[in-house]
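Colleague:
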Amino acid sequence: VTFYQEQVTEELTVSLTRPVYNTSYYSNTSTLAGVAGIDIPIQTLKNLSPFEALGPNGYAFIINHNGFLVLHPRLCKQLSYLLGPPHIDLLDVEEDIQKTNLIRTNMIRGKIENVQVLGKIRVDEAHRVLYDGIQFSYSPVPNTSYSLALINLKRSEHLVIHDQDTTMMTPPNVSTTVIAPWPYCRGQQHRSHDDHLITLIRDIQNKKRTCRDDLVQGLLWSQTWTQPLLDKWISDRSLSDIIGRVIFTRFGLARFYPESQKPGVNRWHDPWYNSALRRAELNRKVSVIPHSLGAVLSAPVIVQKNGDEVMAAAVAVNLTANFLHRGFVEQLQNKEWWDQNEYLVLLLDDGGLIITSNRELMHGITLQGMFIGDLDIPILKHLKDSRLYDVEVEVDKQAICKELKHNETSAGPRSSHIPSPLSFVASILIEVFSWAEYLKYLLYSGVLAIITPSVEAWSEWGMTQIGGMESCRMERAIYYFGETKTLSGILKCNNYSAKFWAERLQDTNAMLIAIEMSANVQECGVYSNLPGIQPKRVTSQEPCAYQDRYRKRLISCLTSNSMNDVGCNGCPNHLEVSLAHVLLTVAVCSNFINKSFS
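Okay, so the sequence shown: first residue is 1 according to full-length UniProt numbering, each after it adds one.
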């Protein structure tokens, strides 16, 4: 089994192969006749996943016998194309804790288990939610070196819809409706969102294609009960502070109003990548999601199923920043200590982003959407030390960065180029064994074929140079709510001190902070000096920073996570061994040539 990126379509692809033997009756033994194989796009494997059954936070992944990913929602193509497997380990994209390490080892060993883990759910790129019931169910794939795992939440319920008449399904208004890019029917051609929706409805009505009944029934049910809600939104003119409304169903149907909301809805039209649906499944609370014009408030839509509550959708309202500001000021104005001119009030989400504030600017900087750790006040340090926020640093090993300009080795005032020892030895060998022009070319080609990258590798390197990009590692800090819920204290600035208090708002993912700081106060001048949430390139690594990981079959440098971990968990220096083999081969060849010409 191999894994690569197709060079024409740039689509991640798995190549499955198996040997073919000649078992003819006249042969006493089975001789190898060749190899048969087939290429399968990764998207085809994804389409086999039980979408709705897993829920918005559920997914499937596949690893091979060395723990490297074959299928995962966060496995992505890096360069313009790949000629071989990207060698991204499971623990490079999953949380690297003791439980997931054990799960990875057991999957490599071919075990079948169901395990529940306390870990963090990835809501989006910058937000994590601690959850006590992440369920891993895994099993080996027969006759392969793969192991398949399904992940969903412990309290996630499957919603099955029956008895929906597909002939009564009417084409919805494409200006207020989108659907997920799921394989509802076979042979779907994903074009624009509008064409996809119209074609799908027509195929379901006319039964032109073989469709998945569970998804189609759920889609029809979602269309039925969301239409009255959409009609009510269209007729409502009560609040001018409402930018837009939208409802995302777990079956992939989304309704929205007005039409200006469509670009934002299109980014979230797949429930697998929808922050509102993910938060709705995690809890039954109101979630506050930052937005450039204010904030999105979302809440789950719950239905009863056999006595249990099941999340069927998430409804979201996009509100202006002024509306939110007026709301929490009204809540605070009854406090004895409240003075709007003397207090800076911030509404934060669970990732440390400022949703809104009672002041638009602070020392000339717009507060809305800013990370709390970037303010020139050490408030984040207090929140982190008291565990209102916890933090971890994540490393992205699939990132793409601008090419770094490497200077060649040089010395002396004239910067004369010093050749590497390898090229120096190669040049000496060529001069020594220069019997004839064709022999010189033969030896030179042989040496280069062994100790230098292949033509395909150079081609890939050249492709990256054209765009000025290269593979790299990026790291960023992720902040999430800790165990503490309230805090009060004193901020110490360069020339003054300020009282503050912070409290997590009940049944939300928001936190309210009030700081005794007048509007015309001078700059604090003291920062929290904690890791920021903006990704930064990792330019240097500690030699022994990565632990050794279990692999079933040790090949090349797969026993280690770093090629540079020499002396720790690193691999032997294959270059030195290869060079020794080259020298020995050249010596034997030259001795043979001497005897032949003498």
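A virtual CB, placed ideally from N, CA and C, is assigned to each residue, including glycine.
Keep in mind that this is a model prediction, so the values were computed, not measured.
Give the single residue among R245, D350 and F371 whose Cα lies nearest to the Cα of A316.
Modeller: Of the listed residues, the one whose Cα sits closest to A316 is R245.
Colleague: From the DSSP output, which residues share a beta bridge with N318?
Modeller: According to DSSP, which records beta bridges pairwise, N318 is partnered with G244 and V296.
Colleague: Kindly indicate the opening and closing residues of the alpha helix (DSSP H) around E281.
Modeller: From DSSP, the alpha helix (DSSP H) with E281 extends over S275 to L282.
Colleague: Can you round the beta-carbon distance between I355 and L348 to whole angstroms, since I take them to be within the 8 Å contact cut?
Modeller: Correct: roughly 7 Å between the Cβ atoms.
Colleague: What residue range does the alpha helix (DSSP H) around L230 cover?
Modeller: Run containing L230: D213 to S235, per the alpha helix (DSSP H) assignment.
Colleague: Short check: CB of M311 to CB of A276, under 7 Å?
Modeller: No, Cβ-Cβ distance for M311 and A276 is not below 7 Å.
Colleague: Thinking just about the alpha-carbon of each residue, which of I161, W501 and L344 is nearest to the one in D213?
Modeller: It is I161 whose Cα lies nearest to the Cα of D213.
Colleague: Determine the closest residue to residue 604 out of L220, L54 and L319, with distance taken between C-alpha atoms.
Modeller: As shown, the chain starts at 1 and ends at 598. That puts residue 604 outside it, with no answer to give.
Colleague: If L71 sits next to L45, beta carbons under 8 Å apart, how far is it from one beta carbon to the other, in whole angstroms?
Modeller: 5 Å between Cβ atoms; contact.
Colleague: Taking 7 Å as the limit between beta carbons, can you name the residues of its chain near residue 610, skipping five residues before and five after?
Modeller: Because the chain spans 1 through 598 in this model, residue 610 falls outside it and cannot be assessed.
Colleague: If you reduce the DSSP assignment to three classes, tell me which class H291 lands in.
Modeller: Three-state result, H291: strand.
Colleague: Ignoring anything shorter than 3 residues, give me the beta strand (DSSP E) runs that lie fully in the region 375-410, in order along the chain.
Modeller: For the region 375-410, whole beta strand (DSSP E) runs of length 3 or above, ordered along the chain, are 389-402.
Colleague: Would a C-beta distance cut-off of 7 Å place A498 and E516 closer than the cut-off?
Modeller: Contact flag set, yes.
Colleague: By the DSSP assignment, the alpha helix (DSSP H) with I103 in it spans what residues?
Modeller: Its alpha helix (DSSP H) spans residues Q98 to I108.
Colleague: Check the C-beta distance from A180 over to P271 and give it rounded, since I have them as a contact under 8 Å.
Modeller: A180 to P271, Cβ: 6 Å. Contact.
Colleague: Measuring alpha carbon to alpha carbon, tell me which residue in T210, H87 and L153 is nearest E52.
Modeller: With distances taken between Cα atoms, E52 lies closest to L153.
Colleague: Does chain B have any CB closer than 7 Å to the CB of S471?
Modeller: Among the chains of the structure shown, chain B does not appear; only one protein chain is present.
Colleague: List the endpoints of the continuous alpha helix (DSSP H) containing I112.
Modeller: First-last for I112: undefined, no H or E at that position.
Colleague: In the DSSP assignment, find the alpha helix (DSSP H) that holds I42 and state where it starts and stops.
Modeller: Taken as a continuous stretch (DSSP letters only), the alpha helix (DSSP H) holding I42 covers I42 to N47.
Colleague: Return the residue from the list S298, E330, S235 and P258 that minimises the CA-CA distance to T508.
Modeller: Cα-wise, what sits closest to T508 is S298.
Colleague: Have a look at D203, E342, N358 and L319 and flag the residue whose alpha-carbon is nearest the alpha-carbon of H325.
Modeller: Of D203, E342, N358 and L319, the residue nearest in Cα terms is N358.
Colleague: Short check: CB of R255 to CB of L230, under 7 Å?
Modeller: Yes.
Colleague: Since E470 sits in a beta bridge, which residues does DSSP pair it with?
Modeller: Paired residue(s): C401.
Colleague: Take E95 and list the residues in its own chain whose beta-carbon comes closer than 7 Å to its own, dropping the five residues that flank it on each side.
Modeller: Taken in chain order, the residues that qualify are G119 and K120.
Colleague: Roughly how many angstroms lie between the CA atoms of V393 and S24, to the nearest whole one?
Modeller: Answer to the nearest angstrom: the Cα atoms are 60 Å apart.
Colleague: Since R537 and C472 are thought to touch, with beta carbons under 8 Å apart, how far apart are those beta carbons, to the nearest angstrom?
Modeller: Indeed they touch by this definition, with Cβ atoms about 6 Å apart.
Colleague: So is V141 buried or exposed if we call it buried at 16+ other beta carbons inside 10 Å?
Modeller: The residue is exposed, with fewer than 16 neighbouring Cβ atoms inside 10 Å.
Colleague: What do you get for L404, buried or exposed, if any count of 16 or more other CB atoms within 10 angstroms of its CB means buried?
Modeller: The residue in question, L404, is exposed, as its Cβ has fewer than 16 Cβ neighbours within 10 Å.
Colleague: If we ignore side chains and look at the alpha-carbon of each, how far apart do L367 and L150 end up?
Modeller: Cα to Cα, the separation comes out at about 41 Å.
Colleague: Quick one: using the 10 Å Cβ neighbour count with 16 as the cut-off for buried, is A519 buried or exposed?
Modeller: It counts as exposed.
Colleague: To the nearest angstrom, report how far apart V286 and W501 are at their CA atoms.
Modeller: Roughly 23 Å separates the two Cα atoms.
Colleague: Would DSSP call H127 helix, strand or coil?
Modeller: Strand, per DSSP.
Colleague: Are there 16 or more other CB atoms within 10 angstroms of the CB of G468, so buried, or fewer, so exposed?
Modeller: Classification of G468: exposed, given that the 10 Å Cβ count is below 16.
Colleague: Which of helix, strand or coil does DSSP assign to L324?
Modeller: The answer is helix: DSSP assigns L324 an H, G or I state.
Colleague: Return yes when the Cβ of R278 is within less than 7 Å of the Cβ of P56, no when it is not.
Modeller: Contact flag set, yes.
Colleague: With 16 as the cutoff for other CB atoms within 10 Å, does T409 come out buried or exposed?
Modeller: Confidence in T409 is poor, its pLDDT being 47 and thus under 50, which makes the residue's placement too unreliable to answer from.
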